[in-house]
Amino acid sequence: MKPQVRMYSTGVCPYCTMAERLLKSKGVEEIDKVRIDLDPAERDAMMQKTGRRTVPQIYIGDTHVGGFDDLSALDRAGKLDALLNP
Numbered sequence: 334m335k336p337q338v339r340m341y342s343t344g345v346c347p348y349c350t351m352a353e354r355l356l357k358s359k360g361v362e363e364i365d366k367v368r369i370d371l372d373p374a375e376r377d378a379m380m381q382k383t384g385r386r387t388v389p390q391i392y393i394g395d396t397h398v399g400g401f402d403d404l405s406a407l408d409r410a411g412k413l414d415a416l417l418n419p
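With my numbering applied, the sequence shown corresponds to residues 334 to 419, in that order.
This is the structure we're talking about:
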């Protein structure tokens, strides 16, 4: 069973779009997108969980991957597939 992918994002975030594109290219069919620009409480929750203010913030299962740069670096290192297909 594939792990749940959750992405904290906003409506006008180009890095969120690139992260979604990369995840979909890896076979991720469903991303639980949390729009922090529509719900200030979700922004606060994201900042508490991650210690970061920027989007996207991506979780694969219980693993906090980080932002798009972190996701892309995992892919280049060959480690993203192992997270997505345990």
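Ideal Cβ positions, reconstructed from N, Cα and C, are used throughout, including at glycine.
- When the Cα atoms are used, Leu-404 and Ala-374 turn out to be separated by approximately 25 Å.
- Note: Ile-393 is bridge-paired with Val-338 and Thr-396 in the DSSP secondary-structure output.
- Asp-372 sits in coil when the DSSP states are folded into three classes, being neither helix nor strand.
- Taking every protein chain shown into account, the CB of Leu-413 has 16 or more other CB atoms within 10 angstroms, so this residue is buried.
- Counting along the chain, the unbroken alpha helix (DSSP H) around Lys-357 starts and ends at 347-358.
- For Leu-407, the closest C-alpha among the options Gln-337, Pro-347, Leu-356 and Cys-349 is that of Leu-356.
- Non-local beta-carbon contacts of Lys-366 in its own chain, meaning distances under 7 Å to residues more than five positions away in sequence, involve Met-340 and Ser-342 in chain order.
- Secondary structure at Lys-412: coil, using DSSP grouped into helix, strand and coil.
- Gly-400 counts as buried, since at least 16 other C-beta atoms from the protein chains shown sit within 10 angstroms of its C-beta.
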